[in-house]
Every structure is written in structure tokens, then in C-alpha cells.
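Input: a single structure, listed below in C-alpha cells.
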Amino acid sequence: MSGPAFVGRERETAQCAAMLRDRVPAVLILGETGVGKSALLAAVRAEIEDFAETFEIHGSPSLQRVPYGVLAPFLGGLPTEQAGSRIAVLRAFWRRVEELRSRSESRLVLVIDDAHTVDALTAEVIAELVGAGWAQALVTSPDGALLPPPLMQLWIDGGAERIDLEPFSADDAQTFLEAALGERVLPSTARRLWRDSQGNPMLLRCLMDEARRAGSLIERRGTWLLAAEPERRSDGLVGLVRDQLQRLSAEEREALMLVAVAQPAPLNLVEANFGGDVVRSLVAKRLVLPPDGADGALRLRHVVYGEAIFQLIPLIRSLRLQQLAADHRARQVSTADGLLCAVSWALGCGLVLDEAIYLKAARVAARLGEHSLALRATDAVTSPELLAQARLVRGLVAYSSNHYSEAVELLEPSAELDAEGLLASGLLWLYSRDALGHPHDEIARDLKGLAEHEEKGPWDLLRLIFASVRGDYAGLEVGLAAWRSAWRASEATERSAAERGVAAALEAEVLACRGLLVESMAAASQALELLVSDETMGALSEFAAVRFVYAAVTAGQWDAVESIPARFAAPPLHEDSFQLGATLACARGIALLRQGRFRHALEELEPTLEELRICDSQHVFRLCAAGAAYAAARLGDWGQAADFLEDTRSSGRVSASMVRPLAALYEAAAACAVGPDASALAAFEAAIDEAAQGPRRDVSLQALFLWFEAGQRDRLDELLAVAWPMEGQWAEAGVLLGAAFDEGSPDSLRAAGDALRSAGFPRLARECYSEALAQLENSPSRSDARLVWEGQRACDAELGERETAPQPSDSAGELTRRERQIVALAISGLSDREIADRLTVSVRTVEGHLYRAYSKLGVSSREQLSSAVGLAPENEYTVPQTK
Numbered sequence: 046m047s048g049p050a051f052v053g054r055e056r057e058t059a060q061c062a063a064m065l066r067d068r069v070p071a072v073l074i075l076g077e078t079g080v081g082k083s084a085l086l087a088a089v090r091a092e093i094e095d096f097a098e099t100f101e102i103h104g105s106p107s108l109q110r111v112p113y114g115v116l117a118p119f120l121g122g123l124p125t126e127q128a129g130s131r132i133a134v135l136r137a138f139w140r141r142v143e144e145l146r147s148r149s150e151s152r153l154v155l156v157i158d159d160a161h162t163v164d165a166l167t168a169e170v171i172a173e174l175v176g177a178g179w180a181q182a183l184v185t186s187p188d189g190a191l192l193p194p195p196l197m198q199l200w201i202d203g204g205a206e207r208i209d210l211e212p213f214s215a216d217d218a219q220t221f222l223e224a225a226l227g228e229r230v231l232p233s234t235a236r237r238l239w240r241d242s243q244g245n246p247m248l249l250r251c252l253m254d255e256a257r258r259a260g261s262l263i264e265r266r267g268t269w270l271l272a273a274e275p276e277r278r279s280d281g282l283v284g285l286v287r288d289q290l291q292r293l294s295a296e297e298r299e300a301l302m303l304v305a306v307a308q309p310a311p312l313n314l315v316e317a318n319f320g321g322d323v324v325r326s327l328v329a330k331r332l333v334l335p336p337d338g339a340d341g342a343l344r345l346r347h348v349v350y351g352e353a354i355f356q357l358i359p360l361i362r363s364l365r366l367q368q369l370a371a372d373h374r375a376r377q378v379s380t381a382d383g384l385l386c387a388v389s390w391a392l393g394c395g396l397v398l399d400e401a402i403y404l405k406a407a408r409v410a411a412r413l414g415e416h417s418l419a420l421r422a423t424d425a426v427t428s429p430e431l432l433a434q435a436r437l438v439r440g441l442v443a444y445s446s447n448h449y450s451e452a453v454e455l456l457e458p459s460a461e462l463d464a465e466g467l468l469a470s471g472l473l474w475l476y477s478r479d480a481l482g483h484p485h486d487e488i489a490r491d492l493k494g495l496a497e498h499e500e501k502g503p504w505d506l507l508r509l510i511f512a513s514v515r516g517d518y519a520g521l522e523v524g525l526a527a528w529r530s531a532w533r534a535s536e537a538t539e540r541s542a543a544e545r546g547v548a549a550a551l552e553a554e555v556l557a558c559r560g561l562l563v564e565s566m567a568a569a570s571q572a573l574e575l576l577v578s579d580e581t582m583g584a585l586s587e588f589a590a591v592r593f594v595y596a597a598v599t600a601g602q603w604d605a606v607e608s609i610p611a612r613f614a615a616p617p618l619h620e621d622s623f624q625l626g627a628t629l630a631c632a633r634g635i636a637l638l639r640q641g642r643f644r645h646a647l648e649e650l651e652p653t654l655e656e657l658r659i660c661d662s663q664h665v666f667r668l669c670a671a672g673a674a675y676a677a678a679r680l681g682d683w684g685q686a687a688d689f690l691e692d693t694r695s696s697g698r699v700s701a702s703m704v705r706p707l708a709a710l711y712e713a714a715a716a717c718a719v720g721p722d723a724s725a726l727a728a729f730e731a732a733i734d735e736a737a738q739g740p741r742r743d744v745s746l747q748a749l750f751l752w753f754e755a756g757q758r759d760r761l762d763e764l765l766a767v768a769w770p771m772e773g774q775w776a777e778a779g780v781l782l783g784a785a786f787d788e789g790s791p792d793s794l795r796a797a798g799d800a801l802r803s804a805g806f807p808r809l810a811r812e813c814y815s816e817a818l819a820q821l822e823n824s825p826s827r828s829d830a831r832l833v834w835e836g837q838r839a840c841d842a843e844l845g846e847r848e849t850a851p852q853p854s855d856s857a858g859e860l861t862r863r864e865r866q867i868v869a870l871a872i873s874g875l876s877d878r879e880i881a882d883r884l885t886v887s888v889r890t891v892e893g894h895l896y897r898a899y900s901k902l903g904v905s906s907r908e909q910l911s912s913a914v915g916l917a918p919e920n921e922y923t924v925p926q927t928k
């Protein structure tokens, strides 16, 4: 059984089949409407066809009151006057069963879908067959629906096993969507649809189909993603909900509508108007969540149902429901879901709320990506004292949509905002102008003019943020010191938590650039704590979070990146705001690159790049593209690497100053691998020189590692010198590597390899093992060589490259004569120095030829050369050359 309807139910299918194989009399499958019970039945039928014949009976609400109504198709030939006779019906049905049994020696399994709508007399017939051992039963029913007493008795008597079918997990939803769409689905897109559907497969498919029809769910480069806010009040969803409502009693419908309008609706409010039995029925049918909290509060199980219900409620009835919920309004708007529900409902039916409520809802909606609701709510704000804050929300929406020109107009910092608002608007105003390519001198003049005109506000901090934007770290460090001195000396002005949080985030950035990465993480963590009550839709909190993530990745503390979503999961923040998820995914990809896991890095970075095309709020698009290009190049996929390099040169894409030099390094390294000629190598080396001689230790360290990864061994002393005073595992790896190659003994190289592999750097470890093996090749101690070889094999297995070695795009025959000569000497076991001496050339020349040969052949180490070129050392290359 395959297909999207069945994805994610393999465990339940196997469980049902095993129970039937073990002769369990009946298996009862329960779950909410739309969870996939019918699809599971089909899968189980296919699974048991080798040992059982299935006989399918479909329950029907229209036949529920008709005795033996669902058995009519199986009672052919029964006289009309006997249709009401239980014995006659049982005999006729039994004959049909016997026909099936006589055609096969297989067991008989009665498959009964929607068993709650089977009439009681039919249920008695089924129960008798099962009780007598003539058949087994596979039964489905929605949660909370009452089974006919005879079938319920099977359960009570212990003759049935029960399986509760749960909604999809987030991972199952991802798999389901990819099976339905036939291509990869962006993780953030899958999360959004899963969150909206709460994992219900029927709702998930409905939302997916509606998003495709509306054009918000699109495919780019083999990846499906939400390119716009999904439409969730579509005809398909409304029709689905209408069908659900028609199955309810009039009281249940009214109560459900009240819960939708007032959620979280007080339990006593709903019970007072419709009774406790109605509430219990809605909970049992899994339309409403059980009462929550000390006082009891009712919420819809699926928020999207509320949006569709709003569209179905007539205006007169909606006003009546609003009157019932009016006294509860203050409590309702205290929660995010209730706030959005109340404001959306009010805007739809013309109800007037306090403007502060509209503004609060606009902030929450903007943070959650509900841009249309955010803009509608800000349009309802007309009070002069709230206009500046409403403008900030509109600016945030524009910025999140990459509409930078509009954002510049809306986000110009103003003293009308409080300190927190001014910093947030100023931050995004600076980011927008930088993205538009405005000259920094012009921005500086405008910022100075605004500060002089407004006077009041944290303009000093805004100037420091601008120093960060333009990459002036010397000025930023001096400015921060002056800011701290002024703050401590001032007795009249107490800096707000937002101001201190932003200052701590800037401090983290400075520390990271100096290589003090553990201190940087601590400063960024402090900033996040100070900004925990961020009322700026997460703008300032994300500013701090990105600096924490950068320090963590640069330090080599990869797992620390995963701590960030938890900080944003609870109100007032949210992990999906500002597309922070894409920035975190980019960081994961770069972390995988640094570990040498190029295939996994590409799998992370490629879809992330498509998401960043839509919103690159932290300006990491070029870093992501350059990292993807480098990963593809190291895997030998030159064509894909070239495509990603084109992305790095896209017009209108600016890199944040913090990551700009890293993007340039990865771009140069990838370009050199794609087109390994003298000019590309020279450009790569120039980029390495510029970074290594620059003021930023974090960038210098990465540059020297990239040079090492390119097969160059002439700057290991620089790597050791840069890494030694730095903090973090990444720097420690540099120290281990530099020291081991500097000493050069097999023992030191093997020890470094062991340590690097344990620390999570399998590719660097493999380089150490390879060098140790080369030195042990003629050693009498075969046990030492064996240990090193086993370490190398372990690295290969961890990297997954033993079975999936990259395929070269050029054959050995396309190497130049000199390259083939040097490759053959390398295969024979000579070192770079020995090759240089034999050919009367410099070591740098040998390294350059080997690097270009590696790139052409799609390999990354000497031990891969032999199999890549199919060459054995030839006399032409190995005979001593006369000087």
C-alpha cells in the first residue's frame, strides 16, 4: 500500500495485521474525523490478503434507522416479507459468508467502516458471527461516537483490541506532504501547515490543496514552499466544516459556534446556555478540547475550524453570540489565540473594540506571519497616540515581505516611540537601507539629523547598531565602552532592559570577532534574557539570537544552535517570526560544512536558500548560497556549484557585515574548485591572505581551515597561531591540527585524528590519519598502521563517502601533463617537498598542481587519487630527473 493517504501509518498497519494474524476476534480503530481511519483499513486489507478474505460493510447515517439496511446488498433473493425476520436475514447473510469461505481456505475478516452508524440489528448479526468464531472483525469509529451495543459488548467482554489513531506528528506531516506533492517540502512550510491542521491528515490535505490553488504554495528548484501567506478561509475548507456541522445537533452547532467566537470560552458560559451534555459531546467528538485550567476554558481543537465557522454564521446569530461573550472579552484577549479570534471576528462583522486591542492583535499577527490580519488590525487604529506603533507594525510586515523601499518609509525611527520601539524600528530601517544599497555616508548623515531633531531616545545605541551594520568593529568596540561609561556615570537616567539587551548583543558581536566565543555566547544569552519581554514582534530578540548562533557555530558548539527555538516557542515570542527558522537552518548548514559533512550540509542549505529568497531578514542569503556552492563543489557536482555561485552574485542581495567575509571565502573556495585555473587559485589565495591578515580572528580561522581543506599545508603555523588564543572547540581543532602536522610524527597525527574524531570533526581527523598512513607505509610496525587505517575507515563511514564517493567531471586524461606527472608521484608516496625536489620546482607549485588535480578529479585527499585516475606509477614520471 502506498500513496500520500497512507504515509505515516506503517506502525498501526503492522499492529492491526499482527492482531488479526494472531486471531484476535475484533480490532477496533478509533480516531477523530479525518485522521485516516478509512485509509488505514485499506492498508490493513492489503497487508492481510495472504491469509484472510475480507468482507466490507459500510455504515451509513441514512440507513442507521433501517433494520439490516447496510446488509441489503448481501441479501439478494430474500423475499420481501422475510426482510424483517432476524432468522431469515441471518441465514441469508450466513449463506453469503459461507460462499466466501468455500472459495478459499483463508479466514474471513469483516471490515466495517463507520461502525457507529450501523443499525443495532445488523450489529447483532456481526457480533454473533465474531462470537461464534466464524469471522473476525476490523472496525472503525470516530472518537466519542457510541457503538451499537452488540459491538460495544465485544469490547466489554474482552473480545476486541483497541487502537487509537492519533494525528500526524510534525515529521509524519512532512513525509505526507512530500508524498502528496512528489517533491521535497521546505521544513518551515511543512511546520506551518502541520500547525494549522494540528496534524489531521484531512485538514492537512485540504490546506495543501487550497494553498496550491491560491498560488501561495509553489515549487522552486524541486522544493515546495509557501511563497505567500496561505489562504485559510477558502471554499474547500468552509465546505469541509459545513459537512462537519451538519452532523451535529442544533444545540451542538450553537455551542460550537459560541466556543469559536469566545475562545477560550469559559466552561460555565457554554454549560449555562447549552448544558453539560452538549459540552461533553463536543469534547467526545474531538471538536473541542477538554476544559483547561482551574476555572475551565474551552477551545476548538482546530483553529482553522473557527475561521471557517465565522464565515458560516449568519450576522444576526453572530450578534447574539457576541452578546453572550461580551462579559468574557477581557479574559479572551489575554491569550494570543483568543485575541486573534476576537479581533478577526470583530473586523468581519463590524464590531468595535478598543484600539489598544487592535494594536496588540496586529503585533501578534505580524509575529505569527498573519500579515493580512495584522494590516487589517492596524487600519482600525486611528488614535494619534497609537499611530506610531501601528506604523511600526506595518513597517515590520513590509520588511518581512522584502519590500525594503516601503519599509524605509514606515520604519524611520521617531521619538514618538518608546526606547524599545525606537531601537526596533531603527534597526530594521538601517537593515532596509543597507539592503537597498544606500551609501553608508548618506545613512550616517540621515541618522545624525534624526537624532539632532528628535533628541529624546537611545540614539547613541542606534549609532552603535549602525556601526555593526557597516562592519566598523573598531568603532563599535570604542562606542560600546563609551556607552557603558556614560551609563554607569549617569545617576538620573536608568537604561531600560531593551537598551541593555541590545548593548549586550552588540558586545557579543565584538567578542565573537575577537575570537572570545564562549564570552560572546554568554553575552548574547544575557541579551536574550533581557529581551524576553520583547514587544517589537521579536525584532530585538532575533538580533540577539543571531549573535548567539554565530558565536555558537564559530565556537564549534553545534548543539547550542538548537536551544534557540525553545526560547522563542512561548509568548510573547515565536520561532517562526522574521523567518528566524531559515536563519537557523543556514547556521546548521554552515556547522555541517565545518564538520566536513558536505552532503548533509548541502541537504540543509539548498532548501534554505529557497526560503531565504522570500524573506532574508538577517541578510544571510549570500552566505547560504556560497556555503551550498562550496558543499556541491566538494562533492564533485560542478554544475550545481556553478548555479549556487550565480546566486551569490545576485543583484539586490546584501550580506550582513558579520557574515559578509565568510560568504566571500566560501565563494572563492567554491569558484576555485569549479574552475581550477591559475586565476581562480590566485583569487582564492588572495581572499585567504586578506582574511588571515585582517582584524577578525573568527574570519582568519575559517580562512586558514579552508586553505587546509584545499590540500594546502604551507600555512599551518598561521592556523596554530590564530587558533591558540581563541575559545571553543573549533579553535581547539585548529590547535590540534596545527600542532600534529607541525610535529609530523605518525603518533602525534594518529592522536590528533582520534581527538578530532571524538570532537565531531571527522574530515579533519581523516586528514590526520591519511598523513600518518603515508608516513607508516614503509614502517615495520603493521599494528600501528592498522590502527590508523581503522580510524580512517571510521571517518569514511561517518562521512558516508566510502559508498558515495563524488564522481569526477573530468577524466585523468584531461589533466595536464605536469598535473599527471605530479599526481603519479603523489600516488607513489612522495611528499610535496620530495616531488618539488625531484622536479626542480617550488613546493607551492606542487601544491597548486595537486589542488587543481583534486578539483578536476573530484577528490579531496591523496589516498583517493589512485582509484580516481586509474594510474600506477610509470617510469616516465618516477625516474629521477636530472637537475
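Residue numbers for the sequence shown follow this note's numbering, beginning at 46 and rising by one. Think of the CB as a built atom: it goes at the ideal place given N, C-alpha and C, for glycine as much as any other residue.
Boundaries (first-last residue) of the alpha helix (DSSP H) holding residue i
| i | result |
| --- | --- |
| THR653 | 643 to 659 |
| GLY466 | 464 to 480 |
| ILE40 | Because the chain spans 46 through 928 in this model, residue 40 falls outside it and cannot be assessed. |
| ALA205 | Not the alpha helix (DSSP H): ALA205 falls in the beta strand (DSSP E), residues 205 to 209. |
| GLU691 | 683 to 693 |
| ILE93 | 82 to 93 |
| ASN318 | 312 to 319 |
| ARG344 | Careful: ARG344 lies outside any alpha helix (DSSP H) and carries neither H nor E. |
| VAL453 | 449 to 456 |
| SER815 | 807 to 821 |
Cβ-Cβ distance between residue i and residue j below 9 Å
| i | j | result |
| --- | --- | --- |
| SER44 | MET703 | Nothing in the structure corresponds to residue 44, since the chain is present only between 46 and 928. |
| LEU690 | TYR896 | no |
| SER789 | GLN820 | Inspection of the sequence shows that residue 789 is occupied by Gly rather than by Ser. It is a contact, given that the beta carbons lie within the stated cut-off. |
| ALA569 | ALA596 | yes |
| PHE221 | GLY76 | no |
| ARG344 | ASP337 | yes |
| PHE729 | ARG758 | no |
| VAL170 | VAL72 | no |
Residues sharing a beta bridge with residue i, DSSP
| i | result |
| --- | --- |
| THR220 | According to DSSP, which records beta bridges pairwise, THR220 is partnered with nothing at all. |
| ILE263 | LEU270 |
| LEU155 | PHE100, ALA182 |
| ARG229 | THR268 |
| PRO740 | BP columns for PRO740 are empty, so no partner. |
| PRO335 | The partner list for PRO335 (beta bridge, DSSP) is empty, contrary to what the question assumes. |
Identity of the residue in the options nearest residue i by Cα
| i | options | result |
| --- | --- | --- |
| LEU647 | ARG658, ASP682, ALA519, LEU657 | ASP682 |
| THR599 | GLU763, ILE102, PRO791, LEU556 | LEU556 |
| GLU92 | ILE102, VAL154, VAL80 | VAL154 |
| LEU576 | GLY178, GLY546, ALA553, ARG559 | GLY546 |
| SER700 | GLU143, ARG667, VAL891 | ARG667 |
| ARG152 | LEU166, LEU495, ALA180 | ALA180 |
| VAL69 | ALA422, GLY178, GLY783 | GLY178 |
Span of the beta strand (DSSP E), counted from its first residue to its last, around residue i
| i | result |
| --- | --- |
| HIS103 | 97 to 103 |
Residue i in three-state terms, based on DSSP
| i | result |
| --- | --- |
| LEU75 | strand |
| GLY53 | coil |
| ALA537 | Low confidence applies to ALA537: its pLDDT is 48, below 50, so where it sits in the model is not reliable, and the reading given next is rough at best. Correct three-state label for ALA537: coil. |
| THR58 | helix |
| PRO851 | In this predicted model, PRO851 has a pLDDT of only 37, less than 50, meaning its place in the structure is not dependable; the value taken from the coordinates is given anyway. Of the three classes helix, strand and coil, the one that applies to PRO851 here is coil, per DSSP. |
| GLY858 | The predicted position of GLY858 is uncertain, since its pLDDT is 47 and thus under 50; no value can be drawn from it. |
| GLU620 | Model confidence at GLU620 stands at a pLDDT of 46, short of 50, so the residue's coordinates are unreliable; what they give is reported in the following sentence. The answer is coil: DSSP assigns GLU620 none of H, G, I, E or B. |
| ALA63 | helix |
| LEU432 | helix |
| LEU910 | helix |
| VAL924 | Note that VAL924 scores 35 on pLDDT, short of 50, meaning its location in the model is unreliable; the coordinates nonetheless yield the value given after this. It is coil, neither helix nor strand. |
| PRO193 | coil |
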